[in-house]
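In our numbering, the protein residues as written are 56 to 580. Heads up, the beta-carbon is just placed ideally off N, CA and C, and yes, glycines get one too. Heads up: the structure comes next, in structure tokens.
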RNA sequence: GGGCCUGUAGCUUAGUCAGGUAGAGCGCCGGGCUUUUAACCCGGUGGCCGGGGGUUCAAAUCCCUCCAGGCCCGCCA
């Protein structure tokens with residue numbers, strides 16, 4: 056069974072009909088591909104719950120109340136003064152990394168493009184800005200409860216995480232006079248006010264019914280489970296470590312009077328750049344960038360097709376061919392769990408694969424066949440490189456029998472992404488078609504004298520040839536017959552001459568794209 | 001130091017939770033398509049399931065142990 060369906064079944068038994076799946080991310084900077092797993096793990100479980108007939112919601116909590124922790128490399132020094140301030144209350148950086156007082160908040164700034172990317176992969180969460188949950192007083196009861204039971208919570212955190220808390224530790228962090236929660240000391244509590252003095256010597260009171268402070272992370276997380284009735288929240292492996300925030304969250308959530316979701320941990324996505332630059336610069340791949348290269352259903356399949364506890368190598372190099380082709384193959388020839396002659400294992404595998412395919416669809420319940428491009432990624436990569444216009448690509452596919460009529464949106468989408476990919480540093484070099492200007496020494500060494508004379512003759516014949524795919528093909532055949540080289544040898548010679556390899560895409564189409572003068576120059580060189 | 005995960009064919013892996021004769025894709029090899037779209041079709045090669053021990057009629061699967069690799073653990077989501 057697919058992990059999402061398995062989880063849905065488990066949730067149904069444990070928590071009944073009403074389910075709330077949740078993701079949570081701090082918008083401290085650009086979102087990256089790893090966040091896609093956070094989102095999709097929960098969203099796919101949500102979909103599986105719906106498919107199982109459960110009443111399910113999917114919420115995405117944006118940790119907008121979290122403070123800016125440090126001045127990140129993409130920020131200017133001016134952000135120094137905002138350290139410790141909630142991301143919802145400070146200005147977003149402009150293109151120079153300077154605070155832009157007229158723009159969006161820091162949190163919104165980074166969230167917007169991410170939500171756009173999510174829409175492209177068919178994810179439409181209920182977005183909850185955590186600072187609003189604070190300002191709408193929804194945290195108040197939990198905060199009061201946490202303060203009243205501060206000793207118990209301290210005990211839980213110290214015992215389970217093995218961490219020693221300071222003597223002045225308090226389960227609520229008020230904002231000081233400058234809006235920062237750094238350097239603020241709690242001096243007392245009179246419901247609903249937490250009294251404080253800050254590092255500037257000023258004192259004041261934070262109303263727990265407003266966004267004037269927040270719970271520390273470990274308590275915040277535990278509290279929100281209860282506030283939103285969350286039944287499932289897959290967490291990154293960093294939370295999953297023994298004594299981590301998941302482990303302390305479970306008892307704290309109960310202490311605050313709610314039932315926590317059961318622990319669920321997903322592995323991380325690692326970016327192994329195929330391009331030479333990514334290893335040195337170490338830059339991450341953003342979801343928007345990823346979507347420019349990878350068709351959305353295939354990005355979903357990356358997550359759906361991997362078990363939660365396995366790390367994923369996000370590879371925009373040659374592995375992308377493999378992943379895309381695997382998806383294509385599955386859609387074209389779907390596994391049939393009902394087939395008679397399957398062993399138990401094969402049946403389980405078939406069910407799992409069907410689930411992965413179902414969950415990979417952009418639209419829930421969408422027909423996988425609608426996402427069938429009908430061409431392998433590798434083949435499309437070749438055509439995209441030798442055909443400059445999309446119409447020529449479609450024509451070529453019609454000629455080869457891959458396409459009848461007009462391309463569907465999935466195929467158009469694939470080609471668009473493919474062109475982006477080819478234009479990027481991520482496209483694998485060995486798939487790149489580099490047409491030689493002259494026959495290099497290495498290629499020449501591969502060729503017999505007959506083959507070389509064939510090329511010379513071809514150059515002459517082409518001079519008077521009409522410039523069409525078909526005519527060029529005929530000219531090749533005619534010339535090879537006249538030169539006494541076999542068809543096979545002739546083509547091999549052409550590929551060595553054009554590409555420096557023994558194989559390649561259809562030669563006549565390639566010569567057509569090279570153009571008459573360049574081709575003649577090449578073959579007579 | 002604490003903990004998690006992984007180790008199955010040359011490569012990527014399914015199957016491990018619910019034990020029942022090791023599956024797939026890629027690659028490779030051979031053949032076909034009346035002489036090449038990196039296409040397509042057919043067939044084939046290939047694995048003491050990391051090592052060892054235990055439980056069982058039966059172990060890739062459960063238990064113990066060892067080896068190897070990856071990762072997480074600063075109130076930091």
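**Prompt:** Out of curiosity, what's the CA-to-CA distance linking residue 70 and residue 287?
**Reply:** On the first chain, position 15 is the one that residue 70 refers to. On the first chain, position 232 is the one that residue 287 refers to. If you take the alpha carbons of residue 70 and residue 287, they lie about 10 Å apart.
**Request:** Any chance you could list the beta strand (DSSP E) runs of at least 3 consecutive residues sitting entirely within the region 212 to 240, in chain order?
**Result:** none
**Item:** Nearest-angstrom Cα separation, counted from residue 100 out to residue 320
**Value:** Position 265 of the first chain, counted from the first residue, corresponds to residue 320. Position 45 of the first chain, counted from the first residue, corresponds to residue 100. Whole-angstrom Cα-Cα distance: 13 Å.
**Item:** Bounding residues of the alpha helix (DSSP H) (the contiguous stretch that carries residue 6)
**Value:** Residue 6 cannot be examined here, being either before or after the span of the chain that is shown, 56 to 580.
**Request:** State the Cα-Cα distance for the pair residue 522 and residue 324, rounded to the nearest angstrom.
**Result:** The sequence position of residue 522 within the first chain is 467, counting from 1. The sequence position of residue 324 within the first chain is 269, counting from 1. In a straight line, the C-alpha of residue 522 is about 49 Å away from that of residue 324.
**For residue 324, the residue or residues it bridges with in DSSP** = To locate residue 324, count along the first chain from 1; it is residue 269. According to DSSP, which records beta bridges pairwise, residue 324 is partnered with 367.
**Where residue 490 falls: helix, strand or coil (DSSP)** = Within the first chain, numbered from 1, the residue matching residue 490 stands at position 435. Coil.
**Option in 146, 121, 122, 163 with minimal Cα separation from residue 133** = As a first step, residue 133 must be located in the first chain, where it is residue number 78. The shortest Cα separation from residue 133 among 146, 121, 122, 163 belongs to 146.
**Request:** Look up residue 178 in the DSSP assignment and say whether it is helix, strand or coil.
**Result:** Here the question's residue 178 lines up with position 123 in the first chain. Coil at residue 178, not helix or strand.
**Request:** Rank 524, 387, 417, 504 by C-alpha distance to the C-alpha of residue 454 and give the top, closest one.
**Result:** The residue given as residue 454 occupies position 399 in the first chain. The shortest Cα separation from residue 454 among 524, 387, 417, 504 belongs to 524.
**beta strand (DSSP E) runs contained entirely in the region 72 to 160, provided each spans 3 or more residues** = 73 to 80, 110 to 117
**Item:** For residue 447 and residue 387, the rounded distance between their alpha carbons
**Value:** The residue labelled residue 387 in the question sits at position 332 within the first chain. The residue labelled residue 447 in the question sits at position 392 within the first chain. Distance from the CA atom of residue 387 to the CA atom of residue 447, rounded to whole angstroms, is 24 Å.
**Message:** Quick test of your reading: residue 571 and residue 538, contact by CB under 8 Å. State the CB separation rounded to the nearest angstrom.
**Reply:** Sequence index remark: in the first chain, residue 571 carries index 516 (1-based). Sequence index remark: in the first chain, residue 538 carries index 483 (1-based). With a Cβ gap of about 20 Å, residue 571 and residue 538 do not count as contacting.
**Asked** Would the beta-carbon of residue 223 fall within 8 Å of that of residue 240?
**Response** In the first chain, counting from the first residue as 1, residue 223 sits at position 168. In the first chain, counting from the first residue as 1, residue 240 sits at position 185. It is a contact, given that the beta carbons lie within the stated cut-off.
**Asked** Are the region 67 to 86 and the region 274 to 294 touching by the rule of at least three beta carbon pairs closer than 8 Å?
**Response** yes
**Message:** Could you tell me which whole alpha helix (DSSP H) segments of length 4 or greater appear in the region 353 to 420?
**Reply:** 374 to 387, 399 to 415
**Request:** Identify every residue that forms a DSSP beta bridge with residue 183.
**Result:** To locate residue 183, count along the first chain from 1; it is residue 128. Beta-bridge pairing links residue 183 to 116.
**Three-state class that DSSP yields for residue 194 in the structure shown** = Taking the first residue of the first chain as position 1, residue 194 is located at position 139. It is coil, neither helix nor strand.
**Request:** Would you mind sorting residue 135 into buried or exposed? The rule is 16 or more other CB atoms within 10 Å of its CB.
**Result:** Translated into positions along the first chain, residue 135 becomes position 80. By the 10 Å Cβ count, residue 135 comes out exposed.
**Request:** Whole angstroms is fine: what's the gap from residue 451's alpha carbon to residue 437's?
**Result:** Along the first chain, read from residue 1 onward, the residue named residue 451 stands at position 396. Along the first chain, read from residue 1 onward, the residue named residue 437 stands at position 382. Near 11 Å, if we compare the C-alpha coordinates of residue 437 and residue 451.
**Request:** Rounded to whole angstroms, what's the CA-CA distance from residue 443 to residue 470? Just pull it up for me.
**Result:** The count along the first chain starts at 1 and reaches residue 443 at position 388. The count along the first chain starts at 1 and reaches residue 470 at position 415. Distance from the CA atom of residue 443 to the CA atom of residue 470, rounded to whole angstroms, is 11 Å.
**Request:** Take residue 184 as the anchor and find which of 209, 279, 130, 423 has the nearest alpha-carbon.
**Result:** As a first step, residue 184 is located in the first chain; it is residue number 129 there, counting from the start. Minimum Cα distance to residue 184 is reached at 279.
**Prompt:** Mind checking residue 403: buried by the 16 CB within 10 Å criterion, or exposed?
**Reply:** As a position in the first chain, residue 403 is number 348, starting the count at 1. Residue 403 should be labelled exposed.
**Cβ contact (3+ pairs, closer than 8 Å) linking the region 296 to 312 and the region 346 to 364** = No, they do not touch.
**alpha helix (DSSP H) runs wholly inside the region 270 to 329, at least 4 long, in chain order** = You should have 272 to 283, 292 to 295, 300 to 310.
**Asked** Is residue 253 helix, strand or coil by DSSP?
**Response** In the first chain, counting from the first residue as 1, residue 253 sits at position 198. In the structure shown, residue 253 sits in coil (DSSP, three-state: anything other than H, G, I, E or B).
**Asked** Does the Cβ-Cβ distance between residue 514 and residue 531 come in under 8 Å?
**Response** On the first chain, position 459 is the one that residue 514 refers to. On the first chain, position 476 is the one that residue 531 refers to. By the CB criterion at 8 Å, residue 514 and residue 531 fall outside the cutoff.
**Contacts around residue 259, its chain only, beta-carbon distance under 7 Å, and the 5 residues preceding and following it disregarded** = Looking up residue 259 in the first chain gives position 204. Within the same chain, residue 259 has close Cβ partners 232, 251.
**Item:** Validate contact between the region 470 to 486 and the region 370 to 377 using beta carbons, cut 8 Å, 3 pairs
**Value:** Because the criterion of three Cβ pairs below 8 Å is met, the region 470 to 486 and the region 370 to 377 touch.
**Item:** Residue(s) in a DSSP beta bridge with residue 248
**Value:** Residue numbering aside, residue 248 sits at position 193 when the first chain is read from its first letter. In the DSSP output, where bridge partners are listed per residue, residue 248 has 245, 262.
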